[in-house]
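In UniProt numbering, the protein residues as written are 1 to 304.
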């Protein structure tokens, strides 16, 4: 019953935004979708999946869980398929933890790996967003707001994120710090995770920008780096299904900052959701013919 309530909630949110911001404009943009740009977006999403699987494997290796990269990519695809089709957006991650519970640590350690990997993904998106905010404060000409407002908004965003970072440092000596130290034991591993997480975030942002382009909206680079991470962050809200509704609402609210209409934001969000669904379709054969649970992989890269 709860599943159907969430599905209905997402559908109602999208219908509301389409109605409020102009159903004719949204429909016109959806009718004129460029299949080529959608394909580009799907390609970015598939590349992101590979990068995230590499990140998951590296975290697992740091906690003495080894599995082949090919297996990691398959499991990540399956996880994304489940998260896309079921409410909550975390069921697939739970299944991924269960499937990777090899070695003496069992399920608890495998779950810790998945949690850390997802947290690193959000950190990468924050880094990209902060970079965009700093750029907006320095050169706000890409935005439709008056220059002073953009500067103040960007500075406020940077200060808020800096405060969150300071809070993380305060907690460094506690349990959170111990978990981070275990998952990221050396400078080399931290650098590798930084590169993988920022790369995954940039691929996700690029995929959304390509989907917006498919509806006829060419966002400036500064706007892409500021607005799109915020839109994608709205998808984290564990209400509804796969971010549907929340993503479109955030895009409708933020697109006017880049000189685009709210209807364009709604259309871009819908096309991005479609691109995600296409990108997870390769998981279907793996769901039908599941591989056995992996054995420890001696060829996995050493964390140090």
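Using N, Cα and C, we set each Cβ at its ideal position, and we do this for glycine too.
Item to check | Cβ neighbours of residue 91 in the same chain (closer than 8 Å, five flanking residues each side left out) | outcome: 82, 83
Next on the checklist: What does the Cβ neighbour count give for residue 229, buried or exposed, with the cut at 16 atoms within 10 Å?
Outcome noted: buried
Next on the checklist: Is it buried or exposed, residue 289, if we count other Cβ atoms within 10 angstroms and call 16 or more buried?
Outcome noted: By the neighbour-count criterion, in which 16 or more other beta carbons inside 10 Å mark a residue as buried, residue 289 falls on the exposed side.
Checklist entry - If you draw a straight line from the alpha carbon of residue 131 to that of residue 197, how long is it in whole angstroms? => result Residue 131 and residue 197 have their C-alpha atoms some 14 Å from each other.
Next on the checklist: Taking the straight line between their C-alpha atoms, what separation do you get for residue 28 and residue 216?
Outcome noted: Here the C-alpha atom of residue 28 lies approximately 10 Å from the C-alpha atom of residue 216.
Next on the checklist: Looking only at its chain, what residues have a beta carbon closer than 6 Å to the beta carbon of residue 300, apart from the 5 residues adjacent to it on each side?
Outcome noted: Interpretation of residue 300 is limited by its pLDDT of 49, a score under 50 that renders its predicted location unreliable; the figure taken from the coordinates is listed afterwards. The beta carbon of residue 300 lies closer than 6 Å to those of 61, 66 in the same chain, with the five residues before and after it left out.
Next on the checklist: Can you look up residue 101 in the DSSP assignment and give me helix, strand or coil?
Outcome noted: coil
Checklist entry - Which stretch, first to last residue, makes up the alpha helix (DSSP H) that contains residue 227? => result 221-234
Item to check | Reduced DSSP secondary structure (H/G/I, E/B, other) of residue 246 | outcome: helix
Next on the checklist: Please return the same chain residues whose Cβ sits closer than 7 Å to the Cβ of residue 206, not counting the five positions on each side in sequence.
Outcome noted: 44
Next on the checklist: Buried or exposed, going by whether 16 or more other CB atoms sit within 10 Å of the CB of residue 186?
Outcome noted: Residue environment: residue 186 is assigned as exposed (fewer than 16 neighbouring CB atoms within 10 Å of its CB, all protein chains considered).
Next on the checklist: Quick check on the burial criterion: 16 or more other C-beta atoms within 10 angstroms. Buried or exposed for residue 106?
Outcome noted: exposed
Next on the checklist: Check whether the stretch 252-259 and the stretch 189-196 are in contact - that is, three or more C-beta pairs closer than 8 Å.
Outcome noted: Fewer than three pairs of CB atoms, one per stretch, sit closer than 8 Å, so the stretch 252-259 makes no contact with the stretch 189-196.
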